[in-house]
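**Q**
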Amino acid sequence: MPRTVVTGGAGFVGAHVCRALLAEGREVLAVDDLSTGRLEQVADLVEDPAFELVEHDVVLGLAVEGPVDRVLHLASAASVPEYLAHPLETLRVGAEGTRHALELARTHHSSFLLASTSEIYGDPAEHPQAESYWGNVNPVGPRSVYDEAKRYAEALTMAYHRVFGLDTKIVRIFNCFGPGLLPADGRVVSNFLAQAMAGEPLTVYGDGTQTRSFCFVEDEVRGILALLASSWTGPMNIGNPEEHTILEVAQLVLEITGSSSTITFVDLPHDDPARRCPDITRAREVLGWSPQVDLREGLQRTYDWYRHRAEQMR
Ligand code: NAD
Ligand code: UDP
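This note's numbering numbers the first residue of the sequence shown as 631 and each following residue consecutively.
#1: Output yes or no for whether 8 angstroms exceeds the beta carbon distance between V701 and A653.
#2: Shorter than 7 angstroms, the distance from the beta carbon of L898 to the closest heavy atom of the ligand UDP, or not?
#3: Compute the Euclidean distance between the alpha carbons of V694 and V770, then round it to the nearest angstrom.
#4: For S920, I'd like the list of residues in its chain whose CB is within less than 6 angstroms of its CB, leaving aside the five on either flank, ordered along the chain.
#5: Mapping the DSSP letters down to three states, classify E685 as helix, strand or coil.
#6: Verify whether the separation of the beta carbon atoms of A880 and G838 is less than 8 angstroms.
#7: Take Q671 as the anchor and find which of G639, E784, V698 has the nearest alpha-carbon.
#8: Can you tell me whether D909 sits near the ligand UDP, meaning its C-beta is under 7 angstroms from at least one heavy atom of the ligand?
#9: Specify, as a first and last residue, the run of the alpha helix (DSSP H) that A673 falls within.
#10: How many angstroms separate the CA atom of V778 from the CA atom of I750?
#11: Tell me which same chain residues have a C-beta within less than 6 angstroms of the C-beta of F804, skipping the five on either side of it?
#12: Would you call the segment 871-879 and the segment 717-728 touching, i.e. three or more CB-CB distances under 8 angstroms?
#13: Pairing CB atoms from the segment 810-819 with CB atoms from the segment 753-769, are three or more of them under 8 angstroms?
#14: Between the Cα of L683 and those of A789, S706, G641, spot the shortest distance and give me the residue it belongs to.
#15: Could you give the residue range of the alpha helix (DSSP H) that holds V775?
#16: Out of A814, L796, T728, point me to the one whose CA is closest to E712's CA.
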């Protein structure tokens, strides 16, 4: 049976990817150091004989015995407070971790997919962002540990493609959310939902006029698998071009949850991008992919999952 290695397989996106690969009839080996990932994410998978989870830091190396036909490199902190709290680990997993994952793919003659990010566009001067845009990243600001690590990871991936002919794919993920995004994760959707459910004020950073474009995890994973199955070798935006201000997101969360929480405005973090929206022409044309779930439906489904989880933990 074909076997896929998924680094970061116990994380939010990683667990959904593992689930989708298993549903395709593949064997999956998830490698995760559980730094931000949790066993809870893969609790429904551990009994599946086609699934294996190994607790390991990919910065230290990545050797796998037996057949490997695909390597998906998702390991990296993704939430802003997490990577700001672990700057050196974030740089190392983007650099050394990516090199080890690429070496694994090279030695097994397997294909390779890098989970990259809309953050490689920084605070974009072009809008919406197409893959051809080179970005506007502050290389020495606090966020650079993530942005530049991912930019380096993309450069390394393309170098492996050019030097070794490795079959590579780079997915640039734009603000993915959905069930499985844990309440304590630190990203905006999980913060707002957790705050609304606790009756606490929703913390809008800055004046809330900055925009993001949120992609429901089911759409994201469908796009990742389509990219993996394609012959495309370079970067591909997989995101939902429906763009919202953060204040709109806060209001939508209050409406969906029926919460009486207020909204409080706090300092905008350093270098917080003013706007972000994917141009998905390439994904539409090459993969025939487009998102199906809008923000309202996605938030409703995520809220349903939050309520279900809270009931189970009681
Ligand atoms: P996450 O924090 O939930 O998952 C990351 C996983 O990587 C965790 O399970 C963590 O324990 C693991 N990990 C981190 N460092 C590791 C190491 N050194 N060795 C082994 N495992 C390690 O985040 P996520 O949202 O699931 O993100 C997954 C990937 O997608 C990341 O590479 C992230 O940069 C990328 N991405 C995500 C989004 C998003 O909106 N979710 C956006 C852009 C890019
Ligand atoms: N944000 C916010 N309140 C929060 C968390 C985040 O207003 O409690 C804002 C943040 O400043 C950013 C947007 O929401 O403008 C998205 O933040 P997130 O950390 O989810 O993702 P990223 O900044 O990586 O796009």
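Just so it is clear, CB atoms sit at the ideal spot from N, CA and C, and this is done for glycine as well.
**A** Considering the structure as presented:
#1: As a first step, residue 701 must be located in the sequence shown, where it is residue number 71. As a first step, residue 653 must be located in the sequence shown, where it is residue number 23. Contact: no.
#2: Within the sequence shown, the letter at position 268 stands for residue 898. Under cutoff, so the answer is yes.
#3: The residue you call residue 694 lines up with position 64 of the sequence shown. The residue you call residue 770 lines up with position 140 of the sequence shown. Going from the Cα of V694 to the Cα of V770 covers about 36 angstroms.
#4: Along the sequence shown, one-based indexing puts residue 920 at 290. Hits under 6 angstroms: R914.
#5: Mapped onto the sequence shown, residue 685 falls at position 55. Three-state DSSP puts E685 in a strand.
#6: For the purposes of this step, residue 880 is taken as residue 250 along the sequence shown, with counting starting at 1. For the purposes of this step, residue 838 is taken as residue 208 along the sequence shown, with counting starting at 1. A contact, by the Cβ cut-off of 8 angstroms.
#7: One-based indexing of the sequence shown puts residue 671 at position 41. The option with the nearest alpha carbon to Q671 is G639.
#8: Position 279 of the sequence shown, counted from the first residue, corresponds to residue 909. Not so, every heavy atom of the ligand UDP lies at least 7 angstroms from the Cβ.
#9: In the sequence shown, counting from the first residue as 1, residue 673 sits at position 43. It is not in any alpha helix (DSSP H) - A673 carries neither H nor E in the DSSP assignment.
#10: Looking up residue 778 in the sequence shown gives position 148. Looking up residue 750 in the sequence shown gives position 120. According to the sequence as given, residue 778 is Glu; it is not Val. So the alpha carbons of these two residues sit roughly 7 angstroms apart.
#11: In the sequence shown, counting from the first residue as 1, residue 804 sits at position 174. Same-chain partners within the cutoff: S748, S843, C845, G869, P908.
#12: no
#13: no
#14: Against the sequence shown, residue 683 aligns to sequence position 53. Checked all of A789, S706, G641; the closest Cα to L683 is G641.
#15: The count along the sequence shown starts at 1 and reaches residue 775 at position 145. Counting along the chain, the alpha helix (DSSP H) containing V775 begins and ends at 774-794.
#16: As a first step, residue 712 is located in the sequence shown; it is residue number 82 there, counting from the start. If we check each option's Cα against that of E712, A814 comes out closest.
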